[in-house]
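Q:
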Amino acid sequence: MIRVEKRPQPSQFWSAATPVVAVLATMVAGGLLFAVLGKDPLLAIKTIFWDPLFGEFSFYYRPQLLIKGAPLILIAIGLSLGFRAGIWNIGAEGQYIIGALVGAGIGLAFYPLEAWYIFPLMVLGGAFGGWAWGMIPAVLKVRFGTNEILVSLMLVYVAEQFLASMALGLMRNPDGMGFPGSRNLQQYGSAYNAELIAGSGMHWGVLSAFLAVIFAYILLNRHMLGYHIRLTGEAPRAARFAGVNPARLILFCLGTSGALAGLAGLFEVAGPAGQVTIDFNVGYGFTAIIVAFLGRLHPIGILLAGFLMALTYIGGEIAQSQLGLPAAAIQVFQGMLLFFLLAFDLLTNFRIRLARGEVA
Amino acid sequence: MKLKTLLTGAALALGLATAGFAEDKTKVGFVYVGPVGDGGWTFTHDQGRKAVEAEFGDKVETVFVENVAEGPDAERVLTQMALDGADLIFTTSFGFGEATINVAKKFPNVKFEHATGYQRADNVSTYSARFYEGRAVQGHIAGSMTESNIIGYIASYPIPEVIRGINSAYIHAKKANPDVEFRIVWVYTWFDPAKEADAAKALIEQGADVILQHTDSTAPHAAAQEAGGVVTFGQASDMSQYAPFPRVSALLDVWAPYYIERTRAVMEGTWESVDTWNGIAEGMVGIGEITDAVPAEVKAEALALKEALRTGEYHAFTGPINKQDGSVWLAEGETANDGDLAGMQFYVEGIVGDIPN
Chain G
1 MIRVEKRPQP SQFWSAATPV VAVLATMVAG GLLFAVLGKD PLLAIKTIFW
51 DPLFGEFSFY YRPQLLIKGA PLILIAIGLS LGFRAGIWNI GAEGQYIIGA
101 LVGAGIGLAF YPLEAWYIFP LMVLGGAFGG WAWGMIPAVL KVRFGTNEIL
151 VSLMLVYVAE QFLASMALGL MRNPDGMGFP GSRNLQQYGS AYNAELIAGS
201 GMHWGVLSAF LAVIFAYILL NRHMLGYHIR LTGEAPRAAR FAGVNPARLI
251 LFCLGTSGAL AGLAGLFEVA GPAGQVTIDF NVGYGFTAII VAFLGRLHPI
301 GILLAGFLMA LTYIGGEIAQ SQLGLPAAAI QVFQGMLLFF LLAFDLLTNF
351 RIRLARGEVA
Chain C
1001 MKLKTLLTGA ALALGLATAG FAEDKTKVGF VYVGPVGDGG WTFTHDQGRK
1051 AVEAEFGDKV ETVFVENVAE GPDAERVLTQ MALDGADLIF TTSFGFGEAT
1101 INVAKKFPNV KFEHATGYQR ADNVSTYSAR FYEGRAVQGH IAGSMTESNI
1151 IGYIASYPIP EVIRGINSAY IHAKKANPDV EFRIVWVYTW FDPAKEADAA
1201 KALIEQGADV ILQHTDSTAP HAAAQEAGGV VTFGQASDMS QYAPFPRVSA
1251 LLDVWAPYYI ERTRAVMEGT WESVDTWNGI AEGMVGIGEI TDAVPAEVKA
1301 EALALKEALR TGEYHAFTGP INKQDGSVWL AEGETANDGD LAGMQFYVEG
1351 IVGDIPN
């Protein structure tokens, strides 16, 4: 008989070990899946996890890890603040889009003027756009007690419609022969979020992601507000007695996560993507939710989780092209990661005992 | 840091060199925007890839990556294929254009082919199909078949390609049946079965008994089948699982001959950057089997129209055609030039509603 017994206190060891165990279990189960699909499982795992880091063309893939991981980390850091306090922003994808639109809009409005202040203005605009979009569910929740999960999620679809309208209308490239999509900001020096060192993958967004990790760490561990956030999540009653103002916390968490998502969108549209297009958003806002939990809502954990997720994307593409693995198999593989993480999470709060069969 | 840049450059050059030594096999890569199982756009491109394999056997190796997002992801996938030694890469979505141009600059020895785009370079060709010719045949059948005189149109994005299709279908439906009306629903997606089904149901509720679609799933067919008495057309692929009714014909994308020809050109060293826009004549656009649900005389007319388009005796946009606002676009007997068609941003006279902005 196997019995599941609640631990008196969450296990420190398992809290740190579950992500590692989950990754290992994903490799085993994923390997089985690939074997069933008729591919060499070891080769597939090596292609996904090893080749981007140490393979023949890793000089190209390593910078790509930064480019792909940075928006995930930036968004996930913001989300983790709210998640810790039990405030569920599910709409980072929408805030990402609006941040990109506001930021790119500022850049495009200045075209073709070249000036040093254009890019900083765009950055402010991006953060503002995301913040404003995040404040909608925040204000509705504080004022009318609406559910922020639903409101923020629904606003993603509104943002997508808005994006399509912008790409086809207001922001459409006048020299684009009627095709949708804005001017390419990569060809507009003052607005281009270029790599700080050519070929390194380091652009302002990557730098911001690292800064966000550091600030979040300090906020949560050294600052009163961070203490309030943690307290609200862990012991809401105690938080109330400690004088935490829930409305302020909601506004702060949704606003901050919105602003960070908006920044991620701006850095993406002004850098790697370059253009406002109909399908500009590729799901970073949703994947960041997985990253936040995979990283245990801890800033350092999120940093690692973001790069791990980026690795599975990049390695997954290599595996598709070199081994002919279907895209769906890679998605299943990524899904397994979250599944195993949640499954093994049980061990943090419960212990499993082998007990002798008792008389029923 | 200079050193690092230098090393990266050297390594990239090495990558180029490896790519240059295209051993004995020619490697052809395909980058798809959707899943190969979408049954529409990407599916037909993948049929083309398989045809290349069948044609050249072990002289070629084909690779593909599906579900690639437009933007930086596409650029990475393209770079990865080039690094892995691809000689020729087909990028099969309009949104891959910038990525194709960017990567092509870095790999001057690799040939690129971008579908439905307009940006070319020494090693980048563009190609597309004159789907509007197929739409003309479809419009004729639709106009002849409708009894409610209301034809529903599920449109994806308001871009020239889609607007051209609507205009061509409308002109020829109107010729077959002067009382015909078009109801157009914009779904802002190329492939989303749920949205497409909703759009189809909404159109059927408005009285449409023919549904045309510029989206890739079979969901509208399923909705039509459920409603009963509603005619549909296969899009991109044959969608013959819904034949003989509601699917009475289909607009087919046939990429195989082009892909085989271009692969051969790379093998023989005769590849050049070109802009290809092929239609029914070259076989890039096909008309799926017209089923017996269509009256024999309508079928005969449709096939005659197809034949006239094939021989070039008739152009799908032949005047007199006015724009929606009543101004003259094409005078009597005048035919549209490719430039006008490529950038088409207006409805022709008779279509009700505005192109969304």
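So the protein lines, in turn, are chains G and C. No gaps in the numbering here: position 12 of the first sequence is 12 in this note's numbering, and each next residue is one more. No gaps in the numbering here: position 7 of the second sequence is 1007 in this note's numbering, and each next residue is one more. Glycine included, C-beta positions come from ideal geometry on N, C-alpha and C.
So, helix, strand or coil for residue 51(G), using DSSP?
A: DSSP places residue 51(G) in helix when its eight states are reduced to three.
Q: Counting only Cβ-Cβ distances shorter than 8 Å, please list the residues of the segment 1069-1092 of chain C near chain G, keeping chain order.
A: Answer set for the segment 1069-1092 of chain C: 1069, 1070, 1071, 1072, 1073, 1075, 1076, 1077, 1079, 1080, 1081, 1083 and 1084.
Q: Who are the Cβ neighbours of residue 122(G) in its own chain at under 8 Å, not counting the five residues just before and after it?
A: Hits under 8 Å: 103, 104, 106, 107, 191, 266 and 270.
Q: Rounded to whole angstroms, what is the Cα-Cα separation between residue 223(G) and residue 70(G)?
A: Looking at the two C-alpha atoms, the distance is approximately 25 Å.
Q: When the Cα atoms are used, what is the spatial distance from residue 1272(C) to residue 1316(C)?
A: Looking at the two C-alpha atoms, the distance is approximately 30 Å.
Q: Secondary structure at residue 1102(C), three-state DSSP: helix, strand or coil?
A: If DSSP states are grouped into helix, strand and coil, residue 1102(C) belongs with the helices.
Q: Is it right to say residue 1050(C) is buried, meaning 16 or more other beta carbons lie within 10 angstroms of its own, or is it exposed?
A: Exposed, since its Cβ has fewer than 16 Cβ neighbours within 10 Å.
Q: Does residue 1153(C) come out as helix, strand or coil in the three-state DSSP assignment?
A: Strand at residue 1153(C).
Q: Which residues mark the beginning and the end of the alpha helix (DSSP H) in which residue 325(G) is found?
A: No alpha helix (DSSP H) contains residue 325(G), which DSSP labels as neither H nor E.
Q: Quick one: Cα of residue 176(G) to Cα of residue 324(G), how far?
A: One C-alpha to the other measures close to 35 Å.
Q: I need the DSSP call for residue 146(G), collapsed to helix, strand or coil.
A: Looking at residue 146(G) - three-state DSSP - the assignment turns out to be coil, as it is neither helix nor strand.
Q: Quick one: what's got a C-beta closer than 7 Å to residue 1306(C)'s C-beta in the same chain, skipping five residues either side?
A: 1137, 1280 and 1287, listed in sequence order.
Q: Identify every run of the alpha helix (DSSP H) within the segment 211-243 of chain G, keeping only runs that are complete inside it and at least 4 residues long; order them along the chain.
A: With a minimum length of 4 residues, the continuous alpha helix (DSSP H) runs that stay inside the segment 211-243 of chain G are 224-234 and 236-241.
Q: Tell me the DSSP secondary structure of residue 279(G) in three-state form.
A: Three-state result, residue 279(G): coil.
Q: Taking residue 277(G) as the query, report the chain C residues whose CB atoms sit under 8 Å from its CB, ordered along the chain.
A: Ordered by position in chain C, the residues that pass the 8 Å Cβ test against residue 277(G) are 1070, 1071 and 1095.
Q: Contact criterion: CB-CB distance below 7 Å. Does residue 1022(C) meet it with respect to chain G?
A: Low per-residue confidence applies at residue 1022(C): pLDDT is 45, beneath 50, and the placement is therefore not dependable enough to give any value.
Q: Apart from the five residues just before and just after residue 257(G), which ones in its own chain have a Cβ nearer than 7 Å to its Cβ?
A: Correct list, in chain order: 78, 79, 81, 82, 89, 92 and 134.
Q: In the DSSP assignment, what are the bridge partners of residue 159(G)?
A: In the DSSP output, where bridge partners are listed per residue, residue 159(G) has none listed.
Q: Ignore the nearest five residues each way along the sequence and tell me which others in residue 1094(C)'s own chain have a CB closer than 7 Å to its CB.
A: For residue 1094(C), where only same-chain residues beyond five positions count, the Cβ hits under 7 Å are 1116 and 1117.
Q: Which residues in chain C sit within 8 Å of residue 168(G), going by Cβ to Cβ distance?
A: The contacting residues are 1157, 1158, 1159, 1356 and 1357.
Q: Please state if the CB of residue 233(G) and the CB of residue 129(G) are separated by a distance shorter than 7 Å.
A: For residue 129(G) and residue 233(G), no; Cβs fall outside 7 Å.
Q: Does any CB atom of chain C fall closer than 7 Å to the CB of residue 177(G)?
A: Chain C contact via Cβ: present.
Q: Quick one: which residues of the segment 1043-1070 of chain C get their C-beta closer than 9 Å to a C-beta of chain G? List them in chain order.
A: Those residues of the segment 1043-1070 of chain C that come within reach of chain G (Cβ to Cβ, closer than 9 Å) are 1063, 1064, 1065, 1066, 1067, 1068, 1069 and 1070.
Q: Using a Cβ-Cβ cut-off of 7 Å, state whether residue 23(G) counts as contacting chain C.
A: So, not an interface residue.
Q: Hey, could you find the ends of the alpha helix (DSSP H) residue 83(G) is sitting in?
A: 58-84 is the extent of the alpha helix (DSSP H) around residue 83(G).
Q: Check residue 1135(C) in the structure and name its three-state DSSP category.
A: Residue state, collapsed to three classes: helix.
Q: Does the Cβ-Cβ distance between residue 72(G) and residue 261(G) come in under 7 Å?
A: No.
Q: For residue 348(G), which residues from the same chain have a beta carbon less than 6 Å from its beta carbon, with the 5 sequence-adjacent residues on both sides left out?
A: Result list for residue 348(G): 10, 11, 14 and 15, in chain order.
Q: Opposite residue 1121(C) in the DSSP bridges: which residues?
A: Answer is 1124(C).
Q: Which residues mark the beginning and the end of the beta strand (DSSP E) in which residue 1211(C) is found?
A: Residue 1211(C) -> beta strand (DSSP E) spans 1210-1213.
Q: According to a CB-to-CB cut-off of less than 8 Å, which residues of the segment 1172-1205 of chain C neighbour chain G?
A: Here the close residues are 1188.
Q: Run the CB neighbour count on residue 1337(C), radius 10 Å, all protein chains shown included, and call it buried at 16 or more, exposed below.
A: The residue in question, residue 1337(C), is exposed, as its Cβ has fewer than 16 Cβ neighbours within 10 Å.
Q: Mapping the DSSP letters down to three states, classify residue 1253(C) as helix, strand or coil.
A: Three-state DSSP puts residue 1253(C) in a strand.
Q: Quick one: is residue 15(G) near chain C, going by C-beta distance under 7 Å?
A: Answer no: the Cβ-Cβ gap between residue 15(G) and chain C never drops below 7 Å.
Q: Straight-line CA distance for residue 1076(C) to residue 1285(C)?
A: When rounded, the distance between both Cα atoms is 31 Å.
Q: Can you list the residues of chain B that residue 60(G) reaches, using a CB-CB cut of under 7 Å?
A: In the displayed structure, chain B is absent; the protein chains listed are G and C.
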